[in-house]
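**Q** Have a look at this one.
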Amino acid sequence: MDNIAEFVKADIFKLKLKEKFDIVHSEGLIEHFHGEDRIKIFEKHVELCKKGGYIIIFVPYMSLKYRVIRSTLEFLNQWIYYDEVPYTKEELYNMLKSFNLKVIKMYNLPLTVYEVGFLARKDF
Numbered sequence: 001m002d003n004i005a006e007f008v009k010a011d012i013f014k015l016k017l018k019e020k021f022d023i024v025h026s027e028g029l030i031e032h033f034h035g036e037d038r039i040k041i042f043e044k045h046v047e048l049c050k051k052g053g054y055i056i057i058f059v060p061y062m063s064l065k066y067r068v069i070r071s072t073l074e075f076l077n078q079w080i081y082y083d084e085v086p087y088t089k090e091e092l093y094n095m096l097k098s099f100n101l102k103v104i105k106m107y108n109l110p111l112t113v114y115e116v117g118f119l120a121r122k123d124f
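Residue 29 in full-length UniProt numbering sits at position 29 of the sequence shown, with consecutive numbering throughout.
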């Protein structure tokens, strides 16, 4: 049986691949970057996606539930993601639009802290 998937462990900012992919997915990644790196990492998702391909990303967003969970865990000294900066839905949507991605669906995931995800298509 042929391998149908290959995993690459690398610094995403230094990742140089010749091939493009039908699906580019990340979960629990982009919210750990700040400033320009936040845009560059999003750009890397777009760069790795084929024309007509899909980008799927899940991130925490600044909901009341997220703020309550985070505040409680910080108070109990149990929060371990101090570099995490959650997105607002508007910030995420605007980021997608700034890269000319077609938003197919935005998901609310009510049973998780990572409460928002999206499916977008790259048409260029």
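Glycine residues also receive a C-beta, built at the ideal position from the N, C-alpha and C atoms.
Remember, it's a predicted structure, so these values are computed and weren't measured experimentally.
Within 10 angstroms of the Cβ of residue 60, are there 16 or more other Cβ atoms? Answer buried if so, exposed if not.
**A** The residue is buried, with at least 16 neighbouring Cβ atoms inside 10 Å.
**Q** Rounded to the nearest angstrom, how far is the Cβ of residue 55 from that of residue 8, given a contact under 8 Å?
**A** Contact flag wrong, Cβ pair sits at about 17 Å.
**Q** Kindly list the residues whose CB is nearer than 7 Å to the CB of residue 102, restricted to its own chain and excluding five residues on each side of it in sequence; keep chain order.
**A** If we look at residue 102 and ignore the five residues flanking it on each side, its Cβ neighbours are 120, 121 and 123.
**Q** Residues in its own chain within less than 7 Å of residue 17 by CB, not counting five upstream and five downstream?
**A** Once the five neighbours on either side are set aside, the close Cβ partners of residue 17 are 48.
**Q** Would DSSP call residue 6 helix, strand or coil?
**A** Coil at residue 6, not helix or strand.
**Q** Assess contact between the region 30–40 and the region 70–90, defined as three or more Cβ pairs (one per stretch) separated by less than 8 Å. Is contact present?
**A** With the cut-off at 8 Å, the region 30–40 and the region 70–90 touch.
**Q** Which of the three DSSP states is assigned to residue 45 in this structure?
**A** Helix at residue 45.
**Q** Taking the straight line between their C-alpha atoms, what separation do you get for residue 40 and residue 64?
**A** Looking at the two C-alpha atoms, the distance is approximately 28 Å.
**Q** Do residue 91 and residue 58 count as a contact pair if the criterion is CB distance below 8 Å?
**A** Taking 8 Å as the Cβ cut-off, residue 58 and residue 91 do not qualify as a contacting pair.
**Q** For residue 68, count neighbouring C-beta atoms within 10 Å of its own C-beta (all shown protein chains included) and say buried if the count is 16 or more, exposed if not.
**A** Answer is exposed; the Cβ neighbour count stays below 16.
**Q** In terms of alpha-carbon separation, which member of 99, 66 and 44 lies closest to residue 10?
**A** Of the listed residues, the one whose Cα sits closest to residue 10 is 44.
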